[in-house]
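See structure below.
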Amino acid sequence: MMDTLHITELQTRVRGQLIDPQHTDYHTTRKIYNGMIDKSPSLIARCTCVEDVVTMVNYAREHNLLVAVRGGGHNGAGLGICDDGVVIDLSGMKHIDVDPDKQTVLVEGGCLLNELDAVTHPYGLAVPTGINGTTGVAGLTLGGGVGYLTRHCGLTIDNLLEANLVLADGSVAKASASENEDLFWAIRGGGGNFGIVTSFLFQAHPISTVVAGPMLWHMDDARDILRWYRTFIKEAADSLNGWFAFLTVPPGPPFPEELHLKKMCGIVWCYSGPIENADSVFEPIRQFRKPVFEMIGPMPVPVMQGMFDPLYPPGLQWYWKGDYMNELSDEAIEQHLTYGEALPSMLSTMHLYPIDGAASRVSNEATAWGYRQATWAMVIAGVDPDPANKDVVTTWARDYWQSLHPFSAGGSYINFMMEEGEDRVKATYGANYDRLVAIKTLYDPTNFFRINQNIPPVR
Numbered sequence: 001m002m003d004t005l006h007i008t009e010l011q012t013r014v015r016g017q018l019i020d021p022q023h024t025d026y027h028t029t030r031k032i033y034n035g036m037i038d039k040s041p042s043l044i045a046r047c048t049c050v051e052d053v054v055t056m057v058n059y060a061r062e063h064n065l066l067v068a069v070r071g072g073g074h075n076g077a078g079l080g081i082c083d084d085g086v087v088i089d090l091s092g093m094k095h096i097d098v099d100p101d102k103q104t105v106l107v108e109g110g111c112l113l114n115e116l117d118a119v120t121h122p123y124g125l126a127v128p129t130g131i132n133g134t135t136g137v138a139g140l141t142l143g144g145g146v147g148y149l150t151r152h153c154g155l156t157i158d159n160l161l162e163a164n165l166v167l168a169d170g171s172v173a174k175a176s177a178s179e180n181e182d183l184f185w186a187i188r189g190g191g192g193n194f195g196i197v198t199s200f201l202f203q204a205h206p207i208s209t210v211v212a213g214p215m216l217w218h219m220d221d222a223r224d225i226l227r228w229y230r231t232f233i234k235e236a237a238d239s240l241n242g243w244f245a246f247l248t249v250p251p252g253p254p255f256p257e258e259l260h261l262k263k264m265c266g267i268v269w270c271y272s273g274p275i276e277n278a279d280s281v282f283e284p285i286r287q288f289r290k291p292v293f294e295m296i297g298p299m300p301v302p303v304m305q306g307m308f309d310p311l312y313p314p315g316l317q318w319y320w321k322g323d324y325m326n327e328l329s330d331e332a333i334e335q336h337l338t339y340g341e342a343l344p345s346m347l348s349t350m351h352l353y354p355i356d357g358a359a360s361r362v363s364n365e366a367t368a369w370g371y372r373q374a375t376w377a378m379v380i381a382g383v384d385p386d387p388a389n390k391d392v393v394t395t396w397a398r399d400y401w402q403s404l405h406p407f408s409a410g411g412s413y414i415n416f417m418m419e420e421g422e423d424r425v426k427a428t429y430g431a432n433y434d435r436l437v438a439i440k441t442l443y444d445p446t447n448f449f450r451i452n453q454n455i456p457p458v459r
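Heads up, the sequence shown is in UniProt numbering, so the first residue is 1 and it goes up one at a time.
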């Protein structure tokens, strides 16, 4: 525990608010997106500027304090919080600046995806990010960034031009293709191992309106849909993305009453090409198997990004596990059907996110993300609002993952991992792991930044 005298003195050097366990806002501030994670730091520093971050890094290092870094607090493993240590909270750093001529966007590390979209959309621009508006830009990007526009524009990291970081020694560094190139390589997929990114510069794209939404089919059709989908999506134009899901239909509009709480399979589509071509893009899908329900139509990018946010508010119980998948064999599909039909709660789900298209045309060695040959990033998410059900959803997710892992490419998208240990992290980075260790050893030799999918330095 930190004493009041220390905190009072530290507050004179930090513009942002310092929140300790005695503060009236402590218990609300320490909460993160995943309600299954309940940790109690000694101090939360709500930084508002780079100087605040530098001060807190130096303070924590000098006092040998454990540090967690929180951007959006959306990480499923709860890596934005810790017990007893210091949380460096970037949620007060939300400046966004658009250069419409260069089509670039400068984004501070505390921004959420919906905040980014709200600023870029009036310019007719979009940064390729994720699928949930309440996700933090920083964590999404550092893990790679998989979302609706991945097949069209690449991963989020493929659209990162430069970043500004506070390093473990308290110094400030810029990372780009021409400055600290090794650091720039590492932060594109290597997570929060190398420093605190206080701002990102992204290349945006002239995408304003997309044709998007879900198509749903009965669970009895899931085998046929998956067998068709595994070929269709690989052959589709980059401008069409579609992620497959097992789901339970929510009991309310816009879904018809006869489908309420029914377990179904579905694909959520996003077509980002010319709108006048949308009918010809979607008609072959309908001809293969007419959906029981669909809600496909033109929508602004920010609407698409937040389409499912109301279903998944902060504070739910989450347990997820993921894998990269190269193929969907008939044997793997049978395992999917077994567990998809056994969804343990209304909010539990499995998603297959395509990561081919533009993302696959970047080499494995170009960034820390080393699975460019994979076709999907799979995530199995056991979700429920009631803490009493956490064991049920966790067991289902683990068993489901165990049944599919033999069919996987080996590693996982780190943003779909819980705290799974060093071997799992090694598998995720594959041939890039040794280079990441060398860069970690150079920039963070004491493993100061270790509340993450950790890459330990050489001691």
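Ideal Cβ positions, reconstructed from N, Cα and C, are used throughout, including at glycine.
Since this is a predicted model, take the numbers as computed values, not measurements.
Close-in-space but distant-in-sequence residues of the same chain around residue i (CB under 8 Å, 5 per side omitted)
i    : result
S363 : R372
V32  : Before going on, a small fix: residue 32 reads as Ile here, not Val. Correct list, in chain order: R70, G73, H74, N75, G78, G80, I81, P314.
L18  : I7, L10, Q11, L43, I44, A45, R46
L149 : A126, P128, T129, H205, I207, N241, C270, S272
F282 : V211, W269, Y271, I296
Q287 : none
I414 : G143, G144, G189, G191, V425, T428, Q453
L442 : D182
A438 : V458
W217 : I225, M264, C265, G266, R289, P291, V292
A397 : Y319, W320, K321, S348, I380, A381, G382
Whole-angstrom C-beta distance between residue j and residue i, which should lie under 8 Å
i           : j    : result
D84         : P41  : 7 Å
G145        : G130 : 7 Å
M215        : W269 : 7 Å
T198        : N164 : 5 Å
A359        : R230 : Wrong, their Cβ atoms sit about 17 Å apart, outside the cutoff.
V393        : Y339 : The Cβ separation is near 12 Å, so there is no contact.
R289        : D221 : 6 Å
D384        : L347 : 6 Å
K440        : F194 : 7 Å
I451        : V137 : Between V137 and I451 the Cβ distance is about 19 Å, and since that is not below 8 Å, they are no contact.
I96         : L116 : 6 Å
M325        : T375 : 6 Å
I267        : P298 : Their Cβ separation, rounded to whole angstroms, is 18 Å, which puts I267 and P298 out of contact at 8 Å.
G213        : E294 : 7 Å
residue 467 : P344 : Since the first residue shown for the chain is 1 and the last is 459, residue 467 is missing from the structure and cannot be characterised.
N432        : A368 : 6 Å
D309        : N132 : 6 Å
Own chain partners of residue i with C-beta closer than 7 Å, once the 5 adjacent residues on each side are dropped
i           : result
G16         : A45, R46, C47, T48, D52, G92
E341        : M219, K263
T141        : T156, I157, L160, F200
I233        : G242, P354
L328        : L226, R230
residue 464 : The chain is shown from 1 up to 459; residue 464 falls before or after that span and cannot be answered.
I37         : G78, I81
Cross-strand partners of residue i (DSSP beta bridge)
i           : result
S176        : E162
residue 538 : Any property of residue 538 remains undetermined from this structure, which presents the chain solely from 1 to 459.
H74         : Answer by DSSP bridge pairing: none, since H74 is not bridged.
Q317        : D384
G322        : V379
A349        : Ala is not the amino acid found at residue 349; the sequence shown has Thr there. Its beta-bridge partners are A381.
P354        : W376
I96         : V107
M299        : V210
D89         : R46, R70
L18         : A45
Y371        : The partner list for Y371 (beta bridge, DSSP) is empty, contrary to what the question assumes.
Y271        : V211, L240
Any C-beta of chain D under 8 Å from that of residue i
i    : result
G421 : Absent here is chain D; the protein component of the structure consists of one chain.
Cβ-based neighbour list, residue i, same chain, cut-off 6 Å, excluding 5 preceding and 5 following
i    : result
P251 : H260, L261
G170 : V54, V57, N58
W401 : K321, I380
N34  : G76, G78, W318
A278 : V211, Y271
D399 : none
L316 : G35, V383, P385
A245 : G266, T349, H351
Original post:
Three or more beta-carbon pairs under 8 Å between the stretch 145–165 and the stretch 324–342, yes or no?
Top reply: Contact between the stretch 145–165 and the stretch 324–342 is absent, because fewer than three Cβ pairs lie under 8 Å.
**OP:** Could you say if the stretch 340–355 and the stretch 374–389 meet the contact criterion of at least three C-beta pairs nearer than 8 Å?
**Re:** Here the stretch 340–355 makes contact with the stretch 374–389; the two share three or more CB pairs at distances below 8 Å.
Subject >> Three CB pairs or more closer than 8 Å across the stretch 118–127 and the stretch 97–105 >> reply: Segments in contact, yes.
Subject >> Complete alpha helix (DSSP H) runs within the stretch 188–266 (minimum length 4 residues, chain order) >> reply: Here the runs fully enclosed are 222–235.
Original post:
Does the stretch 443–457 come close enough to the stretch 185–195 to have 3 or more Cβ pairs within less than 8 Å?
Top reply: Yes: at least three Cβ pairs fall under 8 Å.
**OP:** Could I get the ranges of all uninterrupted alpha helix (DSSP H) runs contained in the stretch 20–87, with 4 residues as the minimum, in chain order?
**Re:** Segments of the alpha helix (DSSP H) lying fully in the stretch 20–87: 26–29, 50–62.
Subject >> Ranges of the alpha helix (DSSP H) found wholly within the stretch 102–159, counting only runs of at least 4 >> reply: Counting only runs of 4 or more, we get 113–120, 137–143, 150–153.
Original post:
Hey, which unbroken runs of the alpha helix (DSSP H) at 4 residues or more fall wholly within the stretch 376–458?
Top reply: Qualifying alpha helix (DSSP H) stretches, in chain order: 390–404, 422–429, 433–443.
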